[in-house]
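Input: a single structure, listed below in C-alpha cells.
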C-alpha cells in the first residue's frame, strides 16, 4: 500500500532563509508527483508537477526534485518571504491512476 | 477565466438532511474528482469520474452520491447516511485519468452539521 509522508508537519523560519520541504513515498511505481500550496480555508494550488521520467522542475524561487529509487521528493524554496506562509502538500499518482496525498507541512515565514 | 467553481462556500445542515455541493469547471477537462479534507488526515478521495455518465467510488464513498450528466458539472450529494459529514470538501479536475497532467482544485466548500 502506497504511503506518502511529509516531515516536518510544521516549520517556522525567518524571512530570507532558504528551506527544504520533504516528501517520501513507499512505492516507486508512480506516474508523477505534484507539489501543492494550500492557504487556510482555501483550495489547493498546483506548484510543480514532476513526471516519473524527470528529476526536477523549477518555477521561480521553487525547485522540486524527484528520486524514485529512494522514494523521495524535496521542494526547495529560495529566499523565503512571509507570503510563502501556507501548507505545502505533495501527492503521487499511482500507475492505476489514483492520487495519494501527504498530510502536508505548514510553513510560517516570519518577517 | 478558466477554472473550477464550487458552491456554496459554507453550508450548514441539520442531521437527517441531504445536501448537494456544486462543482463546475470550464477547463474542458474529462476527469473530475471529489475529495474530503479533515484536520490531520490529509485528502481522501470520495468519488471520481473519467467521462460523462460514468463515475467510480473512491476510498470513502459511503454516504455520498454523485452524477456526471455534463462534462462541466460533477455535483456531490452528502446524504443522511454519512455519519460524520462535517468537513471541507474539495472538487478537482484534470485532463485525463490516469492523470499525466496537473490536478486543478476549486476553492472548497465547508459543510457543518448542526
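Residue numbers (my numbering), protein chains in the order written: chain A, 685 to 795; chain B, 15 to 128. Beta carbons are placed, not taken as given, at the ideal position from N, Cα and C, and that holds for glycine. Computed from a predicted model, the values in this text were never measured in an experiment.
Any C-beta of chain A sitting closer than 9 angstroms to the C-beta of residue 18/B? yes
Residue 56/B - containing beta strand (DSSP E), residue span: 56–65
Below 9 angstroms between beta carbons: does that hold for residue 104/B and residue 727/A? yes
How about residue 39/B: is its C-beta nearer than 9 angstroms to some C-beta of chain A? no
Residues in its own chain within less than 6 angstroms of residue 24/B by CB, not counting five upstream and five downstream? 124
Where the beta strand (DSSP E) containing residue 91/B begins and where it ends: 90–92
Give the secondary structure of residue 768/A by DSSP, where H, G and I count as helix, E and B as strand, and everything else as coil. helix
Opposing strand residues paired with residue 740/A [DSSP bridges]: 749/A
As assigned by DSSP and simplified to three states, the class of residue 38/B: strand
Paired residues, beta bridge with residue 27/B - DSSP: 127/B
Which listed residue (704/A, 788/A, 777/A, 791/A) has its alpha carbon closest to that of residue 686/A: 777/A
So the candidates are 795/A, 775/A, 793/A; which of them puts its Cα closest to the Cα of residue 689/A? 775/A
Could you give the C-beta distance for residue 635/A and residue 703/A, rounded to a whole number, given that I count them as a contact under 8 angstroms? Missing from the structure shown is residue 635/A; chain A here goes from 685 to 795 and no further.
Is the CB of residue 78/B under 9 angstroms away from at least one CB in chain A? no
Counting along the chain, where does the beta strand (DSSP E) carrying residue 762/A start and finish? Element bounds for residue 762/A: n/a, residue is neither H nor E.
Residue 787/A in three-state terms, based on DSSP: coil
Straight-line CA distance for residue 737/A to residue 779/A? 13 angstroms
Distance between residue 743/A and residue 47/B (C-alpha atoms, nearest Å): 26 angstroms
On the DSSP letters alone, give me the boundaries of the beta strand (DSSP E) that residue 104/B sits inside. 101–108
Nearest-angstrom Cα distance between residue 44/B and residue 109/B? 6 angstroms
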